[in-house]
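Working notes, structure below.
There are 2 protein chains.
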Amino acid sequence: MKELTNQQSKVLSCVEVYLNKTGFPPTRAEICKELGFKSPNAAEMHLRALEKKGYISIQSGSSRGISIVKSQQSFEKYSEQMPVIGLVAAGSPTLAEENVEKRISCDPNMFSDGFDYFLKVKGLSMIDAGIHEDDLVAIKKTTDVKNGDLVVVRVDDEVTLKYFRKDNYNLELIPANKDFSTITIDLRKQDAFVEGKSVGLIRTH
Amino acid sequence: MKELTNQQSKVLSCVEVYLNKTGFPPTRAEICKELGFKSPNAAEMHLRALEKKGYISIQSGSSRGISIVKSQQSFEKYSEQMPVIGLVAAGSPTLAEENVEKRISCDPNMFSDGFDYFLKVKGLSMIDAGIHEDDLVAIKKTTDVKNGDLVVVRVDDEVTLKYFRKDNYNLELIPANKDFSTITIDLRKQDAFVEGKSVGLIRTH
DNA sequence: ATTTATACTGTATATTTTTACAGTATATAA
DNA sequence: TTATATACTGTAAAAATATACAGTATAAAT
């Protein structure tokens with residue numbers, strides 16, 4: 000797939016956001032208004048380029064006749080039964096059927112990047128981050144995490160939700176509650192596995 | 000939700016199928032062609048009925064300005080496009096189209112009692128309840144609230160999300176942040192209207 | 001018997017929208 | 001130096017589209 004220029008990327012994003020918000024694609028004029036162009040031809044030319052590169056298709060002669068072929072961000076509006084997994088003191092959170100407490104139907108792209116399952120929070124260690132007991136934290140399976148991310152880490156069959164910080168061989172798992180202390184792991188002596196990171200949260204009042 | 004007539008159901012289906020196939024909604028004329036009508040007004044009238052019954056919304060003056068609010072397709076049976084409304088300092092949160100920031104597809108029964116819309120939180124007045132800025136609080140429209148409930152209250156065109164407490168004529172709106180003070184309203188002197196109560200929360204990390 | 005709701009046809013028009021054409025400006029490659 | 005691609009402005013006309021208005025027909029409800 001050919002790469003997009005900066006402006007083309009902005010136009011594609013604009014179309015996707017508009018589509019996500021309204022349910023139908025924008026006109027040339029609306030794209031111009033959104034991106035500050037003063038001529039509808041500016042939008043037209045970008046759309047032509049996007050079509051040529053295979054990102055969209057344009058139904059000639061139709062108003063708003065733009066459809067996304069390959070989206071940058073996934074804006075699919077469909078619903079799946081997402082599993083809820085209990086965060087138990089021992090044992091890895093796997094998607095095995097016996098660990099699935101229930102399923103909730105929602106859009107897997109409800110949170111920016113998509114996610115794989117919900118983790119039901121136990122304990123108060125993240126209370127100062129506004130994460131309460133029984134909150135459901137949306138977890139995206141990945142090992143690509145940065146310092147400061149809220150991550151699910153497995154250490155010796157024990158699974159925990161904490162802020163992530165890594166300096167060379169030292170992994171720190173930082174709680175958000177002054178009554179709890181940071182867990183420090185020397186990765187030369189002990190293994191730790193990043194299961195995924197939090198991309199969102201839902202709570203029932 | 001009001002029931003659809005046979006023909007209205009056909010028109011809704013037609014719009015959904017077209018949308019699914021092309022990525023943008025049909026025109027009146029295209030609906031006519033698909034369903035065998037000979038006048039664009041036939042499609043127009045069905046669309047108006049569908050809007051009145053809450054299945055679609057129509058952007059007046061826009062070509063193809065149809066968006067699906069409640070789909071009848073089976074794979075989305077338990078998922079609806081729930082509106083997200085900004086909590087603005089002044090003005091009532093209504094479901095009027097201009098106040099809907101976007102829609103999120105999710106199960107309306109995701110939270111125990113069902114809910115009507117999401118309210119996007121501004122400010123830090125409920126931070127100690129784990130409610131952050133830009134969190135989406137799921138609101139169920141009701142006036143049946145008890146002391147201690149987290150409620151959306153309108154006082155003089157100002158809308159606020161606070162804990163509810165009522166003693167005779169005194170209504171207290173209690174924040175969850177020690178830097179904010181409780182709002183006390185003497186209901187004999189001032190009006191206050193309970194818009195609904197919070198039944199849940201979602202947050203994007 | 002009369003109203004009311006559904007379900008259309010047929011026409012016309014104002015508005016929206018696409019899209020072509022004529023330019024300007026700038027950076028990069030040949 | 002001359003193309004070539006990107007990135008626009010500005011205008012205008014043709015085509016697409018929404019939408020109002022005036023009707024017709026039928027079945028069910030009052």
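These protein sequence lines map, in sequence, to chains A and B.
Position 104 of the first sequence, counting from 1, maps to 103 under numbering that gives the first Met the number 0, and the rest follow consecutively.
Position 172 of the second sequence, counting from 1, maps to 171 under numbering that gives the first Met the number 0, and the rest follow consecutively.
We put the CB at the ideal spot given by N, CA and C, even for glycine.
Identified DSSP bridge partners for residue i
i	result
D190 (chain B)	Bridge partners of D190 (chain B): none, in fact.
S66 (chain B)	B:S56
Q7 (chain B)	None; Q7 (chain B) has no bridge partner.
I196 (chain B)	According to the sequence displayed, residue 196 (chain B) carries Lys and not Ile. Answer is B:K139 and B:V150.
V83 (chain B)	B:K101 and B:F117
T203 (chain B)	A:G199
Minimum Cβ-Cβ distance from residue i to chain B less than 8 angstroms
i	result
I67 (chain A)	yes
F23 (chain A)	yes
K20 (chain A)	yes
A89 (chain A)	A caution first: A89 (chain A) carries a pLDDT of 47, below 50, which makes its placement in the model unreliable, though a value can still be read off. Chain B contact via Cβ: absent.
T159 (chain A)	no
H131 (chain A)	yes
R202 (chain A)	yes
S59 (chain A)	no
S38 (chain A)	no
I182 (chain A)	no
R63 (chain A)	yes
I30 (chain A)	no
F110 (chain A)	yes
K188 (chain A)	no
Chain A contact for residue i (CB, 8 angstroms cutoff)
i	result
P82 (chain B)	no
D178 (chain B)	no
D106 (chain B)	yes
F192 (chain B)	no
L149 (chain B)	yes
G85 (chain B)	no
S124 (chain B)	no
S73 (chain B)	Low local confidence applies: a pLDDT of 45 at S73 (chain B) is under 50, so the model's placement there is unreliable, with the coordinate-based value given in what follows. Output row for S73 (chain B): interface = no.
Q7 (chain B)	no
L11 (chain B)	no
V16 (chain B)	no
L172 (chain B)	no
K140 (chain B)	no
D166 (chain B)	no
Q198 (chain B)	Per the sequence shown, the amino acid found at residue 198 (chain B) is Val instead of Gln. Output row for V198 (chain B): interface = yes.
K119 (chain B)	no
K101 (chain B)	yes
D185 (chain B)	no
Residue from the options whose Cα sits closest to the Cα of residue i
i	options	result
V152 (chain A)	A:V10, A:N167, A:L172 and A:S38	A:L172
H131 (chain A)	B:Q80, B:E132, B:K51 and B:L200	B:L200
M177 (chain A)	A:P39, A:D127 and A:K37	Reading off the sequence shown, one finds Lys at residue 177 (chain A), where the question assumed Met. The option with the nearest alpha carbon to K177 (chain A) is A:D127.
I55 (chain A)	A:S61, A:A175 and A:V14	A:V14
S197 (chain A)	A:D190, A:F163, A:H204 and A:K52	A:F163
L123 (chain B)	B:D155, B:C105, B:L160 and B:G22	B:L160
L149 (chain A)	A:P24, A:T141 and A:D190	A:T141
L170 (chain A)	A:F192, A:D156 and A:E157	A:F192
D190 (chain B)	B:Y168, B:G22 and B:A175	B:Y168
L118 (chain A)	A:R202, A:S59 and A:K20	A:R202
S12 (chain B)	B:K165, B:S70, B:Q80 and B:E194	B:S70
H204 (chain A)	B:H204, B:R187, B:G129 and B:D155	B:G129
K101 (chain A)	A:L86, A:F114, A:P82 and A:E50	A:P82
N146 (chain B)	B:I103, B:K165 and B:G35	B:K165
M44 (chain B)	B:P174, B:V120 and B:V10	B:V10
L211 (chain B)	B:S104, B:A175, B:P174 and B:D155	Within the shown structure, residues of chain B are numbered from 0 to 204, placing residue 211 (chain B) beyond reach of any answer.
F23 (chain A)	B:P174, B:D115 and B:S62	B:S62
K52 (chain A)	A:G64, A:V158 and A:V68	A:V68
M125 (chain A)	A:Q80, A:A175 and A:E157	A:A175
L18 (chain A)	A:G64, A:K188, A:V99 and A:E157	A:G64
V144 (chain B)	B:S59, B:K121 and B:E194	B:E194
V158 (chain A)	A:V120, A:I57 and A:D133	A:V120
Residue i: CB within 7 angstroms of a non-hydrogen atom of the ligand SAH
i	result
C31 (chain B)	Ligands displayed in this structure: none; no statement on the ligand SAH is therefore possible.
> Quick one: any contact between the stretch 136-154 of chain A and the stretch 108-122 of chain A, if contact means 3 or more CB pairs under 8 angstroms?
Replying inline: With a cut-off of 8 angstroms, the stretch 108-122 of chain A and the stretch 136-154 of chain A count as touching, because enough Cβ pairs lie within range.
> Does the stretch 173-191 of chain A come within contact of the stretch 20-40 of chain B, defined as at least 3 CB pairs closer than 8 angstroms?
Replying inline: Contact fails between the stretch 173-191 of chain A and the stretch 20-40 of chain B, because fewer than three Cβ pairs, one in each stretch, are under 8 angstroms apart.
> Does the stretch 33-46 of chain B come within contact of the stretch 0-9 of chain A, defined as at least 3 CB pairs closer than 8 angstroms?
Replying inline: Here the stretch 33-46 of chain B does not lie against the stretch 0-9 of chain A, with fewer than 3 beta-carbon pairs under 8 angstroms apart.
> If you scan the stretch 134-183 of chain A from start to end, which runs of the alpha helix (DSSP H) of 4 or more residues do you find wholly inside it?
Replying inline: Within the stretch 134-183 of chain A, there are no complete alpha helix (DSSP H) runs of at least 4 residues.
> At what residue ranges does the stretch 100-130 of chain B contain a whole run of the beta strand (DSSP E), taking only runs of 3 or more?
Replying inline: For the stretch 100-130 of chain B, whole beta strand (DSSP E) runs of length 3 or above, ordered along the chain, are 116-119.
> Which ranges does the alpha helix (DSSP H) cover as unbroken runs of at least 4 residues, wholly within the stretch 23-50 of chain A, from first to last along the chain?
Replying inline: Counting only runs of 4 or more, we get 27-34.
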